[in-house]
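Visitor: In this text, residue positions in the sequence shown follow my numbering: the first is 1, and each later residue adds one.
Note that CB positions come from ideal geometry on N, CA and C, so glycine has one too.
So that we are looking at the same thing, I have put the structure below in structure tokens.
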Amino acid sequence: MNAKQFLSLFFLLPLALYALVYSLYIAHPQHFHFRSWEFLPIFIFNGELDRSQIMPESGDSAREYLIQRYTQTNHISVNEYGNRVACFDKNQQIKPAVLLFGDSQMFGSGTDDSQTFPAQLCKNYHASIYNAARNHDLDLLRHPTYHFNAILFSITERDDFSTSYCSKLDEIEAHYDEKLPEQSFYIPKATFKQNWLMLRHGHKFLMGYLRNRIKALFYGINHGFIAPDNQIIKFTHQRQDADGDIERETACAKRLVNFFHQKHINVGFLYFPAHQTLYGKDYHLSIDEGTYTFIDKISARFKQEGLLTFNSKQCLLDAKAKGLVYQMHDTHLNGFGYYHLAECLKHSPLDTLFHE
């Protein structure tokens with residue numbers, strides 16, 4: 001092999017290998033993503049693939065390890081707007097119509113369609129339930145034909161209602177009665193532009209994926225290739241001013257209630273407890289008192305103020321005595337945890353949201 005041939009091989013072989021891997025990724029993208037909600041924007045929200053997919057999910061907390069021990073194959077379905085399916089009656093004949101807001105916990109990351117928290121609520125109530133988590137979000141309030149009788153605001157324990165919702169309330173108040181065109185909610189049809197965006201975003205994701213897999217290979221030489229069971233507990237949070245956060249959260253919740261009650265919409269609030277809150281002591285994790293008791297105190301304060309909620313932490317501490325309520329390597333509840341949370345909701349003040 002002469003120098004010219006060697007240089008050609010040196011430069012072309014990596015390109016050929018990448019082209020092969022990229023082709024595999026485009027053909028079977030479900031097997032490259034750890035979470036479904038990361039897969040959806042690239043391949044579903046641009047109209048490229050069917051709105052119902054079967055994919056393995058292993059979570060994100062073990063990505064630094066090469067081998068994912070805990071993988072669950074889930075059926076993931078979204079509606080024509082790109083929202084995770086629940087049991088919404090778009091003909092508005094079933095009442096009440098309840099709108100669910102939240103992040104990846106409410107979306108049900110790592111969970112089958114049949115086991116998400118909204119799916120559990122659908123089993124418990126004869127209500128029309130719309131899951132707006134992770135797509136469109138507050139814009140659903142300006143849908144031209146949908147009318148909701150109740151809203152359940154949810155948030156993961158490490159985040160805040162004040163940041164996620166009240167920061168946007170001025171804009172909501174200013175434009176609430178200005179309806180958005182229905183067409184703006186739909187997943188677009190696949191076009192040349194959408195195809196190009198898919199290929200570009202797919203390339204960006206795949207490059208990051210390959211870099212992380214190479215890092216995981218070298219990391220595994222020193223730390224092992226399979227993540228330990230307690231890997232998730234490394235993903236912790238701490239509230240610097242828990243008492244101040246309680247005041248801000250209460251003020252935000254009261255503001256949301258005041259606004260939506262004027263629109264004849266009932267409102268409730270739900271915190272999804274963090275993994276460290278439920279399992280931290282099992283792994284001898286040191287958690288400051290303000291952070292550990294936050295849900296206890298905020299639930300009591302909301303009750304004192306007449307706001308609808310319940311102590312989700314205590315609910316799941318009771319449930320974990322019967323079985324694992326969290327995914328092993330992700331910051332989300334599993335189907336068993338969502339089931340028990342929905343059962344607790346049935347016996348809480350939030351139950352009123354799901355009755356006329």
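Skipping 5 residues on each side, what residues in its chain have a beta carbon closer than 8 Å to that of Phe-260?
Guide: Residue mapping note: residue 260 aligns to position 260 of the sequence shown, counting from 1. So the qualifying residues of the chain are Ile-151, Asn-266 and Val-267.
Visitor: Along the chain, where does the beta strand (DSSP E) that runs through Asn-258 open and close?
Guide: Counting from one through the sequence shown, the residue named residue 258 turns up at place 258. Note, Asn-258: premise wrong, no beta strand (DSSP E); alpha helix (DSSP H) at 242-262.
Visitor: Can you tell which of His-332, Leu-316, His-329 and Leu-353 has its C-alpha closest to the C-alpha of His-340?
Guide: Position 340 of the sequence shown holds residue 340. It is Leu-316 whose Cα lies nearest to the Cα of His-340.
Visitor: Would His-284 be called buried (16 or more neighbouring beta carbons within 10 Å of its own) or exposed?
Guide: Your numbering for residue 284 matches position 284 in the sequence shown. Per the 10 Å Cβ criterion, exposed.
Visitor: How far does the beta strand (DSSP E) with Asn-74 in it reach, from first residue to last?
Guide: In the sequence shown, residue 74 corresponds to position 74, counting from 1. Counting along the chain, Asn-74 sits inside the beta strand (DSSP E) bounded by residues 72-77.
Visitor: Over what stretch of residues does the alpha helix (DSSP H) that includes Ser-386 continue unbroken?
Guide: Past the boundaries of the shown model lies residue 386; the chain is included only from 1 to 356, so the question cannot be answered.
Visitor: Applying the criterion that 16 or more other CB atoms from any shown protein chain within 10 Å of the CB defines a buried residue, is Asp-330 buried or exposed?
Guide: Within the sequence shown, the letter at position 330 stands for residue 330. Buried, by the Cβ-count rule.
Visitor: Spatial neighbours of Lys-346 within its chain, please: C-beta separation below 7 Å, excluding the five flanking residues on both sides.
Guide: Translated into the one-based positions of the sequence shown, residue 346 becomes position 346. Excluding residues within five positions, the ones whose Cβ falls inside 7 Å are Asn-124.
Visitor: Could you tell me the boundaries of the beta strand (DSSP E) in which Ile-155 lies?
Guide: Translated into positions along the sequence shown, residue 155 becomes position 155. It spans 150-156 - the beta strand (DSSP E) in which Ile-155 sits, taken as one unbroken run.
Visitor: Could you give the distance in angstroms between the alpha-carbon of Asn-83 and the alpha-carbon of His-75?
Guide: Numbered from 1 along the sequence shown, position 83 holds the residue referred to as residue 83. Numbered from 1 along the sequence shown, position 75 holds the residue referred to as residue 75. Taking the straight line joining both Cα atoms gives about 14 Å.
Visitor: Answer yes or no: do Tyr-326 and Tyr-279 have a C-beta to C-beta separation smaller than 8 Å?
Guide: Position 326 of the sequence shown, counting from 1, holds the residue named residue 326. Position 279 of the sequence shown, counting from 1, holds the residue named residue 279. Contact flag set, yes.
Visitor: Is the stretch 118-132 close to the stretch 178-186, with three or more CB pairs under 8 Å?
Guide: Here the stretch 118-132 does not lie against the stretch 178-186, with fewer than 3 beta-carbon pairs under 8 Å apart.
Visitor: So, with DSSP's three-state summary, where would you put Met-207?
Guide: Walking along the sequence shown from the start, residue 207 turns up at place 207. Of the three classes helix, strand and coil, the one that applies to Met-207 here is helix, per DSSP.
Visitor: Quick check on DSSP: helix, strand or coil for Arg-63?
Guide: Here the question's residue 63 lines up with position 63 in the sequence shown. In the structure shown, Arg-63 sits in coil (DSSP, three-state: anything other than H, G, I, E or B).
Visitor: Please classify Phe-225 as buried or exposed, where buried requires at least 16 other C-beta atoms within 10 Å of its C-beta.
Guide: On the sequence shown, position 225 is the one that residue 225 refers to. Per the 10 Å Cβ criterion, exposed.
Visitor: Per DSSP, what kind of secondary structure is Arg-84 in: helix, strand or coil?
Guide: Reading the sequence shown from its first residue, position 84 is the one you call residue 84. If DSSP states are grouped into helix, strand and coil, Arg-84 belongs with the strands.
Visitor: Within a Cβ cutoff of 7 Å, which residues of the same chain sit near Lys-297, ignoring the five residues on either side of it in sequence?
Guide: Numbered from its first residue, the sequence shown carries residue 297 at position 297. Excluding sequence neighbours, Lys-297 sits near Ile-246.
Visitor: Among Lys-234, Lys-189, Gly-208 and Leu-100, which has the Cα closest to the Cα of Ser-286?
Guide: For the purposes of this step, residue 286 is taken as residue 286 along the sequence shown, with counting starting at 1. Measuring from the Cα of Ser-286, the nearest candidate turns out to be Lys-234.
Visitor: Look at the Cβ atom of Pro-56, then the Cβ atom of His-31, and state whether they are nearer than 8 Å.
Guide: By one-based count along the sequence shown, residue 56 stands at place 56. By one-based count along the sequence shown, residue 31 stands at place 31. Cβ atoms of Pro-56 and His-31: closer than 8 Å.
Visitor: Can you list, in chain order, the residues of its chain with a C-beta nearer than 6 Å to that of Asp-112? Leave out the 5 residues immediately preceding and following it.
Guide: Counted from its first residue, the sequence shown places residue 112 at position 112. Excluding positions up to five away in sequence, the list reads Asn-74 and His-75.
Visitor: Whole angstroms is fine: what's the gap from Ala-62's alpha carbon to Phe-161's?
Guide: For this step, residue 62 is matched to residue 62 along the sequence shown. For this step, residue 161 is matched to residue 161 along the sequence shown. Whole-angstrom Cα-Cα distance: 28 Å.
Visitor: Along the chain, where does the beta strand (DSSP E) containing Gly-268 start, and where does it finish?
Guide: Taking the first residue of the sequence shown as position 1, residue 268 is located at position 268. It spans 266-272 - the beta strand (DSSP E) in which Gly-268 sits, taken as one unbroken run.
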